[in-house]
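Student:
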Amino acid sequence: MASHGYEGGRLNLPFVGICTFGKYPYQPDWDAIEADVAVLGAPFDLGTQWRSGARMGPRAIREASTLFSFGHAGAYDFEDDITYLPAGTTRIVDIGDADIVHTDTIESHRRIEEGVRKILAAGALPVVLGGDHSVNIPCINAFDGEEPIHVVQIDAHLDFVDERHGVRYGHGNPMRRAAEKDYVTGLSQIGIRNVSSTARDGYEDARRMGSDIQSVRHIRKLGIDGMLARIPAKQRYYLTIDIDAFDPSIAPGTGTPSHGGFLYYEILELIDGLARRGTIAGIDLVEVAPDYDPTGSTSTLAAQLLMNTIGRVLHHR
526 MASHGYEGGR LNLPFVGICT FGKYPYQPDW DAIEADVAVL GAPFDLGTQW
576 RSGARMGPRA IREASTLFSF GHAGAYDFED DITYLPAGTT RIVDIGDADI
626 VHTDTIESHR RIEEGVRKIL AAGALPVVLG GDHSVNIPCI NAFDGEEPIH
676 VVQIDAHLDF VDERHGVRYG HGNPMRRAAE KDYVTGLSQI GIRNVSSTAR
726 DGYEDARRMG SDIQSVRHIR KLGIDGMLAR IPAKQRYYLT IDIDAFDPSI
776 APGTGTPSHG GFLYYEILEL IDGLARRGTI AGIDLVEVAP DYDPTGSTST
826 LAAQLLMNTI GRVLHHR
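Here the sequence shown is numbered in the numbering used here, starting from 526 and rising by one per residue.
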């Protein structure tokens with residue numbers, strides 16, 4: 526029978542203690558990461574074209590994640606009959622935030638990239654908490670020199686703008702920047718819908734450069750298995766999740782909400798299938814802007830999805 530954390534003398538309820546991600550250990554020394562998973566905050570939102578506020582996302586996600594830290598020896602899922610994140614073998618650390626220099630996108634992105642490179646050098650899975658979606662650019666940059674990756678984007682928006690008024694590194698550009706990398710073998714862009722920040726020529730460029738673009742309605746017709754079958758099997762995947770992929774009825778706390786989005790289990794089942802289909806080599810979750818959701822449910826959704834994603838990635842390895 527597995528022991529529980531509170532058998533050591535402390536109940537240590539979720540609202541007690543320091544808000545690291547999942548109340549896992551804090552490791553401020555980026556040259557001493559010894560873990561299977563390392564969580565990095567990227568509190569940057571200077572790339573936004575509409576409502577800012579995603580700089581507060583990492584802090585809100587961390588606080589919400591403490592809900593899932595009741596001291597049990599892992600997280601038992603009775604539907605799967607699996608205990609995910611078993612205490613005896615799960616090694617997760619929170620390495621804090623990349624230092625952000627206000628008004629300086631290039632330098633802030635460089636510091637985010639440095640954090641992801643340190644995680645990869647330690648042999649751990651990087652999990653990055655955004656921040657706006659531009660933080661994906663330095664995350665993908667950090668994989669230069671690593672084995673090739675296929676990018677799986679779950680999002681309402683295509684984010685494939687090349688350049689506007691000299692802007693190349695905002696939150697409308699990351700998938701275009703990713704597609705330009707020779708170590709990115711292709712993109713699966715999932716959940717794209719409604720009026721986009723990307724014009725028609727951007728969609729044409731995306732398909733020409735190797736993207737498979739599917740809307741929420743497309744995927745509901747295909748089914749989760751049908752969508753998974755479109756993603757190349759036995760690859761290394763980089764998973765980037767924009768919280769606005771979810772319907773704003775369950776995730777209103779974001780800068781650019783878009784109605785007609787996914788529900789929780791649709792995405793969890795897709796990610797579970799992806800973890801079985803190949804190797805998830807990196808993850809970011811972006812665009813949580815907590816001030817637009819006084820209930821905190823958007824941050825809780827983000828934290829719950831990440832905890833379940835990490836659990837499944839580790840279990841299916």
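Glycine included, C-beta positions come from ideal geometry on N, C-alpha and C.
Source: prediction; values computed, not measured.
Sort Ser736, Ala800, Tyr789 by Cα distance to Ala758 and report the nearest one.
Tutor: On the sequence shown, position 233 is the one that residue 758 refers to. Ranking the options by Cα distance to Ala758, first place goes to Ala800.
Student: Tell me the start and end of each unbroken alpha helix (DSSP H) in the stretch 691 to 757 that is at least 4 residues and wholly inside, in chain order.
Tutor: Taking only runs of at least 4 residues, the alpha helix (DSSP H) segments lying wholly in the stretch 691 to 757 are 699 to 704, 725 to 733, 741 to 747, 749 to 755.
Student: For the beta strand (DSSP E) that contains Ile662, what are its first and last residues?
Tutor: For the purposes of this step, residue 662 is taken as the residue at position 137 of the sequence shown. Run containing Ile662: none in the beta strand (DSSP E); it sits in the alpha helix (DSSP H), 661 to 666.
Student: Can you tell me whether Ala724 is buried or exposed, with buried defined as 16 or more other CB within 10 angstroms of its CB?
Tutor: Here residue 724 corresponds to residue number 199 of the sequence shown, with the count starting at 1. The residue is exposed, with fewer than 16 neighbouring Cβ atoms inside 10 Å.
Student: For Gly599, list the residues DSSP reports as bridge partners.
Tutor: One-based indexing of the sequence shown puts residue 599 at position 74. Paired residue(s): none; Gly599 is not in a bridge.
Student: Rounded to whole angstroms, what is the Cα-Cα separation between Ser736 and Leu536?
Tutor: Locating residue 736 in the sequence shown gives position 211, where the first residue counts as 1. Locating residue 536 in the sequence shown gives position 11, where the first residue counts as 1. Cα to Cα, the separation comes out at about 49 Å.
Student: Rounded to the nearest angstrom, how far is the Cβ of Phe540 from that of Met832, given a contact under 8 Å?
Tutor: As a working mapping, residue 540 is identified with position 15 in the sequence shown. As a working mapping, residue 832 is identified with position 307 in the sequence shown. Not quite, the Cβ-Cβ distance comes to about 17 Å (not below 8 Å), so this is no contact.
Student: Going by the CB atoms, is the gap between Leu795 and Leu753 shorter than 9 Å?
Tutor: For this step, residue 753 is matched to residue 228 along the sequence shown. For this step, residue 795 is matched to residue 270 along the sequence shown. Yes, Cβ-Cβ distance for Leu753 and Leu795 is below 9 Å.
Student: Let's test the definition: count the other Cβ atoms within 10 Å of the Cβ of Arg745 and tell me whether it reaches 16, buried, or not, exposed.
Tutor: Working through the sequence shown from its first residue, we reach residue 745 at position 220. Exposed, because fewer than 16 other Cβ atoms sit within 10 Å of the Cβ of Arg745.
Student: Across which residues does DSSP place Asp619 in a beta bridge pair?
Tutor: As a working mapping, residue 619 is identified with position 94 in the sequence shown. Paired residues: Tyr551, Val564.
Student: Are Ser713 and Val676 touching if we call contact CB-CB under 9 Å?
Tutor: Within the sequence shown, the letter at position 188 stands for residue 713. Within the sequence shown, the letter at position 151 stands for residue 676. Yes, Cβ-Cβ distance for Ser713 and Val676 is below 9 Å.
Student: Indicate the three-state DSSP secondary structure (helix, strand or coil) for His840 in the structure shown.
Tutor: Numbered from its first residue, the sequence shown carries residue 840 at position 315. Three-state result, His840: helix.
Student: Measuring alpha carbon to alpha carbon, tell me which of Gly566, Ile558, Thr765 ends up nearest Ile679.
Tutor: Taking the sequence shown and counting its residues from 1, one reaches residue 679 at position 154. Nearest option by C-alpha distance: Thr765.
Student: So, under 8 Å CB-CB, Asp767 and Cys664 are touching, yes? Tell me the CB distance rounded to an integer number of Å.
Tutor: Numbered from its first residue, the sequence shown carries residue 767 at position 242. Numbered from its first residue, the sequence shown carries residue 664 at position 139. Going by Cβ atoms, the distance from Asp767 to Cys664 rounds to 13 Å, so no, they are not a contact pair.
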